[in-house]
Ligand code: GLN
């Protein structure tokens, strides 16, 4: 048998149910892999080995006793450190929460625990999910398994790198403006941002509440479908979660299923505005070839215009910091998190708490957001940005009247060197293709779409609200005729 850490979740699940492998074996293989390569990659902020083995033993007990099991029972996963895990440190990549142990589990964790998964640990991220490289972690940068001198993307870079390097079978991340799709693209894995409201945000440390969504990382479309299945659905603890029933995401991916129909006749739109200057030629070439392949598979491909795309970044960098400035006001040194105590002066305590607790990028966002919301500027910035947001949503509404899926690169660049992008504005531009989906609330996925000079290129598939099944179907069909997703990073033998 190949190394256990190279199996897909689906394959491992079959072997577990047939009792050909145990969860303890599977989990140990991943913990060994973490010990072997994570000193180079640094994907994890915390490895919960004792808990993982305990959960694996429990899963094996269920298989042995014939108790009910789920498709994810005994499967080892990694969790971005922005998701609250009861009594387990949840840092958010920040000094502010360096020692924070949440008193409760996020809803997604409750659901994964109920499904019987094994948690390997928490993954590194840009502080409070602000960034595109994982270099803004207060602790250390994560390295891209494909080239250890390069960044894995961000902000969920730890989760993407863990899955790419075989340290976890799948992972959860969060995507506010691209933080699942862009690192997936740079690490050659799949990363899915669900429709806003599809997955509960309860227990997700808030960055920009109207944009944040939790979603899965995986190495196959089927695995991504299984993970999404486990976490999606209404939650009374999140009033923005949708009551709409969750479909069976794997059904349409099973070649033996009577409803399987590949992607013949599916209508694919290629947004003209997404071929922007500054996108690397190697990325354009790979994505053009991917689009041709989709056409050969029977998709009807034509161009579409999303005229307000060019305002996406500007609107996002008003709205996201505005919401962040409000969400981060709670870290005042009083309620929880880091607290500066060496003074009797309240203002000094608050100032010093935030000076030490927050890194530069987080402070920049708070300043930007506070400014945009201040009474003299509210109309000029925040209100204007909300209007742009409505126009971008309208562009997508119109496009989805004629198309099922829109395709584009997921990122303008392949993995860049750690330290290469020092200008914050250049970093913001990494999300040019992913941000509009968050503004409109639609779903999107980045899938392995080829290589440019040996580095992975991600193909982004955007779907209408609640059309996760459709983008997964296209991802699955693409996977059946390509081998990009099966390749392993050469940097980690
Ligand atoms: N890179 C974007 C930002 O810095 C998006 C981050 C995210 O999706 N969490 O805001």
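Numbering (the working numbering), first residue to last: 19 to 511. Glycine residues also receive a C-beta, built at the ideal position from the N, C-alpha and C atoms.
> Quick one: what does DSSP say residue 298 is sitting in, helix, strand or coil?
Replying inline: Working through the chain shown from its first residue, we reach residue 298 at position 280. Under the three-state reduction of DSSP, residue 298 is assigned to coil, being neither helix nor strand.
> Is residue 234 helix, strand or coil by DSSP?
Replying inline: Position 216 of the chain shown holds residue 234. Three-state DSSP puts residue 234 in a strand.
> Counting along the chain, where does the beta strand (DSSP E) carrying residue 189 start and finish?
Replying inline: Counting from one through the chain shown, the residue named residue 189 turns up at place 171. Counting along the chain, the beta strand (DSSP E) containing residue 189 begins and ends at 188–193.
> Since residue 451 contacts residue 430 with CB under 8 Å, what's their CB separation in whole angstroms?
Replying inline: For the purposes of this step, residue 451 is taken as residue 433 along the chain shown, with counting starting at 1. For the purposes of this step, residue 430 is taken as residue 412 along the chain shown, with counting starting at 1. Between residue 430 and residue 451 the Cβ distance is about 7 Å, and since that is below 8 Å, they are a contact.
> Measuring CA to CA, which of 377, 70, 432 and 335 is closest to residue 403?
Replying inline: As a first step, residue 403 must be located in the chain shown, where it is residue number 385. Residue 335 is the option with its Cα nearest to residue 403.
> Hey, out of 205, 191 and 199, whose CA is closest to residue 223's CA?
Replying inline: Here the question's residue 223 lines up with position 205 in the chain shown. Taking each of 205, 191 and 199 in turn and checking the Cα distance to residue 223, the smallest one comes out for 191.
> So is the beta-carbon of residue 225 under 8 Å away from any non-hydrogen atom of the ligand GLN?
Replying inline: Within the chain shown, numbered from 1, the residue matching residue 225 stands at position 207. Yes - the ligand GLN has a heavy atom lying nearer than 8 Å to the Cβ of residue 225.
>> Between which residues of its own chain and residue 113 is the CB-CB distance below 8 Å, once the five residues before and five after are set aside?
In response: Your numbering for residue 113 matches position 95 in the chain shown. Residues 156, 356, 374, 375, 376 and 377 of the same chain have their beta carbon placed closer than 8 Å to that of residue 113, with the five preceding and five following residues left out of the count.
> If you follow the beta strand (DSSP E) that residue 59 is part of, which residue opens it and which one closes it?
Replying inline: For the purposes of this step, residue 59 is identified with residue 41 of the chain shown, where counting begins at 1. Per DSSP, residue 59 lies in no beta strand (DSSP E) segment; the continuous alpha helix (DSSP H) that holds it begins and ends at 41–59.
>> Quick check: the Cα distance between residue 67 and residue 245, rounded to an integer number of angstroms?
In response: Reading the chain shown from its first residue, position 49 is the one you call residue 67. Reading the chain shown from its first residue, position 227 is the one you call residue 245. Whole-angstrom Cα-Cα distance: 21 Å.
>> Report the CB separation of residue 208 from residue 493 in whole angstroms; it is logged as a contact under 8 Å.
In response: As a working mapping, residue 208 is identified with position 190 in the chain shown. As a working mapping, residue 493 is identified with position 475 in the chain shown. Indeed, because the Cβ distance is near 7 Å, the residues count as touching under 8 Å.
> residue 298 and residue 135 look like a contact to me (Cβ under 8 Å); what is the Cβ gap, rounded to whole Å?
Replying inline: Residue 298 sits at position 280 when you count from the first residue of the chain shown. Residue 135 sits at position 117 when you count from the first residue of the chain shown. Their Cβ separation, rounded to whole angstroms, is 37 Å, which puts residue 298 and residue 135 out of contact at 8 Å.
>> Across the region 417–424 and the region 193–212, are there enough close Cβ pairs to call them in contact, namely three or more that are closer than 8 Å?
In response: Short answer: they don't touch.
> Can you name the start and end residues of the alpha helix (DSSP H) that residue 445 belongs to?
Replying inline: For the purposes of this step, residue 445 is taken as residue 427 along the chain shown, with counting starting at 1. Start and end: 442–446.
> Who are the near neighbours of residue 456 in its chain, counting only those whose CB is closer than 8 Å to its CB and skipping five residues on each side?
Replying inline: Working through the chain shown from its first residue, we reach residue 456 at position 438. Annotation for residue 456: 193, 194, 195, 196, 211, 214, 229, 231 and 334 place their beta carbon closer than 8 Å to its own, counting only its chain and skipping 5 residues before and after.
> Are the Cβ atoms of residue 141 and residue 62 separated by less than 9 Å?
Replying inline: Start at 1 with the first residue of the chain shown, and residue 141 comes out as number 123. Start at 1 with the first residue of the chain shown, and residue 62 comes out as number 44. For the pair residue 141 and residue 62, the CB atoms are nearer than the 9 Å cut-off.
> With C-beta atoms as the reference, is residue 227 less than 9 Å away from residue 439?
Replying inline: Within the chain shown, residue 227 is the residue found at index 209, counting from 1. Within the chain shown, residue 439 is the residue found at index 421, counting from 1. With respect to the 9 Å criterion, residue 227 and residue 439 are not classified as neighbours on the basis of their beta carbons.
> Below 9 Å between beta carbons: does that hold for residue 56 and residue 183?
Replying inline: Mapped onto the chain shown, residue 56 falls at position 38. Mapped onto the chain shown, residue 183 falls at position 165. Taking the C-beta atoms as reference points, residue 183 is found nearer than 9 Å to residue 56.
> Would you report the Cα separation of residue 409 and residue 482, rounded to the nearest angstrom?
Replying inline: Counting from one through the chain shown, the residue named residue 409 turns up at place 391. Counting from one through the chain shown, the residue named residue 482 turns up at place 464. Between residue 409 and residue 482, the C-alpha separation is close to 16 Å.
> Enumerated in chain order, which unbroken segments of the alpha helix (DSSP H) with a length of 4 residues or greater are wholly contained in the region 76–159?
Replying inline: Counting only runs of 4 or more, we get 125–133.
> Is there contact here, the region 114–126 with the region 93–105, by at least three beta-carbon pairs under 8 Å?
Replying inline: They touch, by the three-pair rule.
>> I need the boundaries of the alpha helix (DSSP H) containing residue 211, first residue and last residue.
In response: Numbered from 1 along the chain shown, position 193 holds the residue referred to as residue 211. For residue 211, there is no enclosing alpha helix (DSSP H); the enclosing beta strand (DSSP E) has its first and last residue at 208–211.
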